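Okay, so here's the structure we're looking at.
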Amino acid sequence: MALQRELTTSVDSWAPTGTFKFDGSTSDLALQLYLRSQDGDEIAQLRLSSIPDTVTSRLSDVNVEFNDLDGFAQRAVLWDSGFAATPDGDVKQIWTLKGLSMAEIALTLDEYEATECTAFNCTQPDGTAGYNNDKCTGTQMFTGVKCVVEEHEQSNQGLAMWSIGGESTTIPEIGLVKHTWTDSKDYKVYAVHTLSVTSERSYGDCPVVETYGYLNIPCYGTDDVPASELTVPTPSDWVTSWAQSFAANTDGGSSSTGSRTSEPNPNSKVSDTSASNVALLGGSIGGALCLLLIAVLLALFVAARRRRKDSESEDQGSPKAVEHVELVSPDPTHWDDQRTTVSTHPRPTVDDSLPHSGPTVPLSDDSWSNGGTTGNQSIPSQQQHGNSSQPASVVRPNEGDFRYSGQSAVALSSRTQETNRLSAPGPAVAAMVYEESRTFGSEGAPPPYEEALRTWQPKEVAAPLEKIHGLGPVNALRVLAAYPSVNRRRLQLDQVLIERQLPMTTLQTDSFVGRYNGQQVLLKRLAPSPNVNVAAVDDLAFEIQQRAHVRHPNLVQFIGAGWTSVHDLGMVVEYLPHGSLRAYLDQNKSSLDTWTPQKTVITGGIARALAYLHEQNYVHNNICAKKVLLTDKLEAKLASCESIATSPSSGAKVNSRQALWLAPEVLNGAPYSPATDIYSFGALLTELDTCEMPYFDARSKSGDAMGVSEIIALVKEGRLRPSFNAECPQFIRQLGEACCQQDPENRLTAQQIVQLLEGK
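If you read the sequence shown in the numbering used here, its first letter stands for residue 139, the second for the next number, and so on.
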């Protein structure tokens, strides 16, 4: 029996919003399944021959099993992970092309007709048209497809390969169908179907009684696409959170008394009145015991909290010294010799010689020395680790802002000059010597780190922005209107000429590609809603405020914002059609399996963007190849600046693949800081070098691939780091190692990285 979650009036923080359209503009079937679930629909759990290891591992990370999920969540997790079932219940894998997600593989009518295939339409009950493919060869169809299905045997069903149409209440019944036919040559096209094959209309015919259409998505088979072009789709965080919500339903110890019936006992000598009196007496005694237990627990809690406060006061008075642990490079004897598309890499291995001490930095919000925006960023020498004096500056994130430190620029600069450290960094940094020839913006080799530290001067930072979160939609827009950087870029959104809508990436907003003043732009605006979406207005207004405040050649350019009410707030930024760095690496693995000058240019652009943000007292929180966009000249631009107030908490990221880029202190519960951005930058360097995700080749001592949870546990303890290609230049390798130091204070600053790359 399918498990059904009890519907409540509250909305989970992770819950998606928006609507699903069966017009081919999106293939986010997980969203439609979630919407049908929330509307109280029911669907049976799946009966599958096996559950993919990828799905099992993903659920294991949030302590849920596949059978714990109801029918909706099972189908959503399977689809979002890149899998679907055949009519026989066999699960097959689905890959995407060009780094697309599972929400982006459908074809609209325009995209379908661009293949020069023809379509026929049937009228749906609401008067709109649903479309199926008509005259189309496999060769034509393949010019538009965006997905690849694992090969399998199946008899042809004589159904449409491509189709759009449907109604909002349709429950997707996702299945894979193999289409084969002969038309002067043999053709084979796989397709994802969203309606039971027994319910679809016959190919080329409209039903006598009007019915709603359905969404069919054509795909290649794996025999027709090189393995190097296949992309494993990135799972959606909100689907993982949805699955995690079923953990509360797996206790098994509770049962509903309402479903039980009691039978009369003919041998009972006790009257109904006596039984009632006994029940009342028992209830009174039980209630008294419960009150006593609550009082005892409350007293224990107060005492424990008092002891914890006393302990924290002692810790703040004399902070404990953090033991310095030298970074250990991966074991070069364990090279992966089975990769065919990139050179062999040293596998990340577990070093049992390193301590299992858990957190290596204090977890208090008040215990962070400002490693990214003050003079204390300079990497301390080994002798300074034992210093028990209070740090010169302390980072406290501003409420509603992702910039750091509310101190004045003058005080910050003077303090920096007093505490600037000019000593050489720790061994992992001091040993860095560049031996290969390269061009990093100048002909000379980079200077020693001592010189980089000596020549680096912090810049004054801007004043904190006015708080915008929590003001309410109307007041938030008033703050925007009064903010000069936004007001001078106020524009009329109807002047943006819309070209096409993009698949949903955030379910509170819609995104469109269009043109404004002759420039191709991206318009992000609130999704249509009859009611004011307070959270959506809050988040978008905050993003506009932040983007309007920063401007750098290596950040995606903010063009303007516009609104007439709280219902139509929108933001316009430059559009980069070449996509993300992650997609570029996936598409060009064969030519990027070694370090290239282009990778150096990309690295420098990312570093300059980070240096600028940190100078402005901002942190990014999400540095990875997916968040880097490329211009037509393959120059890097950071796609967004996320805030501590609006981005998922570190706890949410720890349960997803995003944790692969997180610094160990964040995994252990510490707040984000400029130093955590630097750690993520080091992980990004391994992405650039290997063209793979961090830890892709992590192996346990038994040789088995590690799951995300295993990797996270080892990173927390300082026993695992991302690895580089064996042929990676020594300078890049050691730069990455210096960024990924366990102790945040031992990491480079973004400005130091820029100086090293540019040879200044």
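Even glycine gets a Cβ: it sits at the ideal position worked out from N, Cα and C. Computed from a predicted structure; not experimentally measured.
As assigned by DSSP and simplified to three states, the class of Gln890
Translated into positions along the sequence shown, residue 890 becomes position 752. Three-state DSSP puts Gln890 in a helix.
Cα-Cα separation between Trp152 and Arg185, rounded to whole angstroms:
To locate residue 152, count along the sequence shown from 1; it is residue 14. To locate residue 185, count along the sequence shown from 1; it is residue 47. If you draw a straight line from the Cα of Trp152 to the Cα of Arg185, it comes to about 28 angstroms.
Who does Met831 pair with in a DSSP beta bridge?
In the sequence shown, the residue the question calls residue 831 occupies position 693. Residue pairing by DSSP leaves Met831 without any beta bridge partner.
Buried or exposed for Pro882, going by 16 or more other Cβ atoms inside 10 Å?
Within the sequence shown, the letter at position 744 stands for residue 882. Pro882 comes out buried.
From this set, Ser623, Pro611, Gly700, which residue's C-alpha is nearest Gln630's C-alpha?
The sequence position of residue 630 within the sequence shown is 492, counting from 1. For Gln630, the closest C-alpha among the options Ser623, Pro611, Gly700 is that of Gly700.
CA-to-CA distance, Gly237 to Arg174, given in whole angstroms:
Counting from one through the sequence shown, the residue named residue 174 turns up at place 36. Counting from one through the sequence shown, the residue named residue 237 turns up at place 99. Arg174 and Gly237: Cα-Cα distance of roughly 28 angstroms.
Return the chain-ordered list of same chain residues with a C-beta closer than 6 angstroms to the C-beta of Ser818, the five sequence neighbours on each side being excluded.
Locating residue 818 in the sequence shown gives position 680, counting from the first residue. So the list reads Ile761, Trp799, once near-sequence residues are dropped.
Terminal residues of the alpha helix (DSSP H) in which Ser623 lies
Along the sequence shown, one-based indexing puts residue 623 at 485. In this chain, the alpha helix (DSSP H) harbouring Ser623 covers 622-625.
Taking only runs that begin and end inside the stretch 620-704, name each unbroken beta strand (DSSP E) of 3 or more residues, in chain order.
Listed in chain order, the complete beta strand (DSSP E) runs (minimum 3 residues) inside the stretch 620-704 are 635-639, 647-654, 657-664, 696-700.
State whether the stretch 602-617 contacts the stretch 633-643, with contact taken as three or more CB pairs (one from each stretch) at a distance under 8 angstroms.
Contact between the stretch 602-617 and the stretch 633-643 is absent, because fewer than three Cβ pairs lie under 8 angstroms.
Take Thr253 as the anchor and find which of Gln868, Asp731, Lys284, Ala864 has the nearest alpha-carbon.
Here residue 253 refers to the residue found at position 115 when the sequence shown is read from its first residue. When each option's Cα is compared against that of Thr253, the closest is Lys284.
Does DSSP classify Ala298 as helix, strand or coil?
Against the sequence shown, residue 298 aligns to sequence position 160. Ala298 sits in coil when the DSSP states are folded into three classes, being neither helix nor strand.
Excluding the 5 residues preceding and the 5 following Thr164 in the sequence, name in chain order all residues of the same chain whose CB lies nearer than 8 angstroms to its CB.
Counted from its first residue, the sequence shown places residue 164 at position 26. Apart from the 5 residues on each side of it in sequence, Thr164 sits with its Cβ closer than 8 angstroms to the Cβ of Phe158, Ala241, Glu242, Ala244, Pro641, Met642 in its chain, given in chain order.
As an exercise, report each continuous alpha helix (DSSP H) stretch of at least 4 residues that is fully enclosed by the stretch 211-247, in chain order.
Counting whole runs of 4 or more residues, the stretch 211-247 contains no alpha helix (DSSP H) stretch at all.
Best match in Gly156, Pro364, Glu289, Glu753 for proximity to Lys727 [C-alpha to C-alpha]
Within the sequence shown, residue 727 is the residue found at index 589, counting from 1. Comparing Cα positions, the closest option is Pro364.
Counterpart residues of Phe280 in DSSP-defined beta bridges:
Mapped onto the sequence shown, residue 280 falls at position 142. In the DSSP assignment, Phe280 is bridged to no other residue.
Whole-number beta carbon distance between Leu826 and Thr741, since they are thought to touch under 8 angstroms
Numbered from its first residue, the sequence shown carries residue 741 at position 603. Numbered from its first residue, the sequence shown carries residue 826 at position 688. About 6 angstroms separates the two Cβ atoms, so the contact holds.
Secondary structure at Asn354, three-state DSSP: helix, strand or coil?
On the sequence shown, residue 354 is found 216 positions in, with the first residue counted as 1. The answer is strand: DSSP assigns Asn354 an E or B state.
Would you kindly work out how many angstroms separate the C-alpha atoms of Val892 and Arg746, rounded to a whole number?
Walking along the sequence shown from the start, residue 892 turns up at place 754. Walking along the sequence shown from the start, residue 746 turns up at place 608. In this model, Val892 and Arg746 are separated by some 6 angstroms (Cα to Cα).
Neighbour-count burial assignment, Thr281, 16 or more Cβ in a 10 Å radius:
In the sequence shown, residue 281 corresponds to position 143, counting from 1. It counts as exposed.
Terminal residues of the continuous alpha helix (DSSP H) containing Ala876?
On the sequence shown, residue 876 is found 738 positions in, with the first residue counted as 1. Boundaries of the alpha helix (DSSP H) around Ala876: 868-877.
Go ahead and pull the three-state DSSP assignment for Ser729.
The residue given as residue 729 occupies position 591 in the sequence shown. Of the three classes helix, strand and coil, the one that applies to Ser729 here is helix, per DSSP.
Once DSSP output is grouped into helix, strand and coil, what is the label at Asn863?
Here residue 863 is taken as the residue at index 725 of the sequence shown, counted from 1. In the three-state scheme derived from DSSP, where H, G and I count as helix and E and B as strand, Asn863 is classed as coil.
Residues in the same chain with beta-carbon distance under 7 angstroms from Asp179, minus the five sequence neighbours each way, listed in chain order, please.
What you label residue 179 is simply residue 41 of the sequence shown in a count that begins at 1. Within the same chain, Asp179 has close Cβ partners Ile309.
Assigned secondary structure, His317 (DSSP; H/G/I helix, E/B strand, else coil)
On the sequence shown, residue 317 is found 179 positions in, with the first residue counted as 1. DSSP, read as helix, strand or coil, puts His317 in strand.
Put Glu367 into one of helix, strand or coil per three-state DSSP.
In the sequence shown, residue 367 corresponds to position 229, counting from 1. Taken through DSSP and simplified to helix, strand or coil, Glu367 comes out as helix.
Looking at Glu348: is its Cβ nearer than 8 angstroms to the Cβ of Leu333?
Residue 348 sits at position 210 when you count from the first residue of the sequence shown. Residue 333 sits at position 195 when you count from the first residue of the sequence shown. For Glu348 and Leu333, no; Cβs fall outside 8 angstroms.
Among the residues of its own chain, which have a CB less than 6 angstroms from the CB of Ala905, if the five just before and after it don't count?
Outside the displayed span of the chain (139 to 898) sits residue 905, for which this structure offers no information.
Grouping DSSP H, G and I as helix and E and B as strand, with all else coil, what is Tyr172?
One-based indexing of the sequence shown puts residue 172 at position 34. Assignment of Tyr172 by DSSP, reduced to helix, strand and coil, places it in the helix class.
Looking at the unbroken beta strand (DSSP E) that takes in His607, where does it start and where does it end?
The sequence position of residue 607 within the sequence shown is 469, counting from 1. No beta strand (DSSP E) holds His607; DSSP gives it neither H nor E.
Using the beta-carbon count (16 or more within 10 Å), is Lys662 buried or exposed?
Against the sequence shown, residue 662 aligns to sequence position 524. With a 10 Å radius around the Cβ and a threshold of 16 neighbouring Cβ atoms, Lys662 comes out buried.
For Thr360 and Leu368, I'd like the C-alpha separation in whole angstroms.
Position 222 of the sequence shown, counted from the start, is the residue given in the question as residue 360. Position 230 of the sequence shown, counted from the start, is the residue given in the question as residue 368. For Thr360 and Leu368, the distance between alpha carbons rounds to 9 angstroms.
Kindly indicate the opening and closing residues of the alpha helix (DSSP H) around Leu805.
For the purposes of this step, residue 805 is taken as residue 667 along the sequence shown, with counting starting at 1. Following the DSSP letters along the chain, one finds Leu805 inside the alpha helix (DSSP H) bounded by residues 802-805.
Does DSSP classify Ala836 as helix, strand or coil?
The count along the sequence shown starts at 1 and reaches residue 836 at position 698. DSSP places Ala836 outside both helix and strand once states are collapsed to three, so it counts as coil.
To the nearest angstrom, report how far apart His758 and Asn806 are at their CA atoms.
In the sequence shown, residue 758 corresponds to position 620, counting from 1. In the sequence shown, residue 806 corresponds to position 668, counting from 1. Rounded to the nearest angstrom, the two C-alpha atoms are 19 angstroms apart.
Looking at the strands, I want to know which residues DSSP matches up with Asp770.
By 1-based counting over the sequence shown, the position of residue 770 is 632. Beta-bridge partners assigned by DSSP to Asp770: none are found.
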